[in-house]
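Residue numbers (our numbering): 232 to 877.
Glycine included, each C-beta is placed from N, C-alpha and C at the ideal position.
Working notes for the structure below.
Spelled out as structure tokens, the structure:
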């Protein structure tokens, strides 16, 4: 990791200069207003020291005594201790070390304010960077934290219940590890930790300089706040990687770019909720969850696992690149304006109905007062995406008057099982500009940072897979009480080229318990491989106009490199008979208007349902090559439905 390399270089320099070490002790402001450290010398600061000017020559070092950290502020701004000349109100604050572990990494956190169950811990806080703060009866006010250095945290909370009101945090400079929260503006950790962030204004500019991190079973509630994160400049010696805790940019294999997520959530039973807030990332992602942090102490299970919830909030990629959420999220009355995906994983998209929000408030202990609940207007969820609706790898539920406006497919499914439930009884709409509702294809993630994607070979029949039967590994989609115009393609390829999406950082390890209004059990089927994948469509009082078919899905190129990452997920379809990609349709009180040749492996038409052609055309069906009248009944085999001019 970059920080580890720098630490090794620093320690080497310290060793070389050991004989030249000058045993300076702390100098208070009254005794000395200036300080110069010549090249090759080390100043060991043993207590908090104030200066009016400070010069650090190239090859000079400042360090704290063993078990401590030292942080420099200049006029209240945290500033990296690097060679240069500094003037103003300079304070070198010595604090007790706060070592945070992630996997094999040990990060020396420094933070403006450290909170535990007792309140502000002064011995671990860089208070000259904290602003004119006050802490009383569990509430912190007045925090104003600015950093232009690297790897400095704003507010770190471990233990207790705390409300932070109207904090202003402005960070410029890189973090080091957003899986551990190293460099985050606000971070909560620990099973006995509840953090309520109210009225905050957070802005960061830097690689992995995350706005909010929740980890190790903590609970974070963000309300009435603005969180904005922007990309930084990656270190010149950074090598792209997918090692959790070491990567500083999104893996290109997700078809994305960028180096800073706005938020991150880790650890079983960890919860992050955003209410009446604006959260944005320039690229990469806005609301992210990364499964188990692998460092938490064993805790007693309470049947409430990782949860990511947003209510009446705005989720935005300001750079027109990135996703709204990774893993599974639950949106109620949100505006989601993203560059690539509203979701990678899945989730629930619903309105902020008062009864739903009241139940959420009760079940998950948001602490919203009756007045606050009343002030939250009932709002629909509206998704606008510059590319896809979701890269779905689990369960998606769209309900109420939710609207999806996308450039490309609403549901992009890369070789994974999935469950889709869309209920249009209250006005839900799916509006893909390219006319594709569901696109199933192979998993085109090359899995390694330096790998090249190679297009799958022509399909070969898998003898152990029945394209006419419903399997546990299939994509099952229910569309009820809705009118849709669009196509449904199952372009899953040969058994030898099949694969489930898995192993990608930003990763997930299971699904959260579903909040009210959702049947979502979270992503599943995230490992191994399958020999076939059927698309099972259940139409319940639905009117569909379009093609429903198995297809051969192909990329524009047979090979895709990191430089061509935007080609991932982008395919064209050629309708053709199923090989390992069956299409099974059931219709109950529904109408399917067929607009082009469609290849199925099963269809059940209930009484009162109809398969028809557009005006001026006629529709015909064959089953295993034999013509069949299209009427109520169940059909199975190689089914071809065609439309021709009358």
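Per DSSP, the bridge partner or partners of residue i
i           : result
residue 670 : 643, 720
residue 806 : 782
residue 440 : The partner list for residue 440 (beta bridge, DSSP) is empty, contrary to what the question assumes.
residue 289 : Bridge partners of residue 289: none, in fact.
residue 852 : 859, 872
residue 309 : 304, 378
residue 814 : 766
residue 652 : 628, 709
residue 318 : 284
residue 211 : No statement about residue 211 is possible, as the shown extent of the chain runs from 232 to 877 and does not include it.
residue 830 : 871
residue 512 : 460, 548
residue 492 : 516
residue 347 : 350
residue 772 : According to DSSP, residue 772 bridges with nothing at all.
residue 265 : 284
residue 635 : 614, 661
Short Cβ contact (7 Å threshold) for residue i with residue j
i           : j           : result
residue 622 : residue 643 : yes
residue 324 : residue 351 : no
residue 429 : residue 390 : no
residue 495 : residue 519 : yes
residue 640 : residue 619 : yes
residue 646 : residue 718 : no
residue 410 : residue 440 : no
residue 701 : residue 660 : no
residue 653 : residue 710 : yes
residue 369 : residue 417 : no
residue 874 : residue 842 : no
residue 313 : residue 281 : no
residue 450 : residue 420 : no
Whole-angstrom C-beta distance between residue j and residue i, which should lie under 8 Å
i           : j           : result
residue 342 : residue 329 : 7 Å
residue 865 : residue 832 : Actually they do not touch by this definition, with Cβ atoms about 12 Å apart.
residue 489 : residue 513 : 6 Å
residue 454 : residue 400 : 16 Å between Cβ atoms; not a contact.
residue 651 : residue 790 : Wrong, their Cβ atoms sit about 31 Å apart, outside the cutoff.
residue 291 : residue 269 : 6 Å
residue 800 : residue 636 : About 18 Å separates the two Cβ atoms, so there is no contact after all.
residue 814 : residue 796 : Not really, about 30 Å apart at Cβ, beyond 8 Å.
Cβ-heavy atom distance, residue i to the ligand COA, below 6 Å
i           : result
residue 603 : Judged by which ligands are present, the structure shown has none, so any question about the ligand COA falls away.
Residue i classed as buried or exposed, judged by whether at least 16 other C-beta atoms fall within 10 angstroms
i           : result
residue 374 : buried
residue 596 : exposed
residue 708 : buried
residue 787 : exposed
residue 381 : buried
residue 877 : exposed
residue 583 : buried
residue 528 : Unreliable positioning characterises residue 528 in this predicted model, as indicated by a pLDDT of 46, which lies under 50. A coordinate reading is not provided.
residue 468 : exposed
residue 303 : buried
residue 697 : exposed
residue 405 : buried
residue 692 : exposed
residue 855 : exposed
residue 602 : exposed
residue 531 : Note that residue 531 has pLDDT 44, beneath the 50 cutoff, so the model's placement of it is unreliable and no number is given.
residue 763 : buried
residue 309 : buried
residue 685 : exposed
residue 604 : exposed
residue 626 : buried
residue 845 : exposed
residue 611 : buried
residue 805 : exposed
residue 695 : exposed
Item checked: Runs of alpha helix (DSSP H) wholly within the region 578-604 (minimum 4 residues, chain order) -> Within the region 578-604, the complete alpha helix (DSSP H) runs of at least 4 residues are 585-595.
- Continuous beta strand (DSSP E) assignments of at least 3 residues falling wholly in the region 356-423: Correct list: 365-367, 370-372, 375-378, 384-396, 399-403.
Open item on the list: Please give me, in chain order, every unbroken run of the beta strand (DSSP E) with length at least 3 that falls completely inside the region 428-482.
Closed with: Within the region 428-482, the complete beta strand (DSSP E) segments at least 3 residues long are 432-436, 443-446, 450-454, 457-461, listed from N- to C-terminus.
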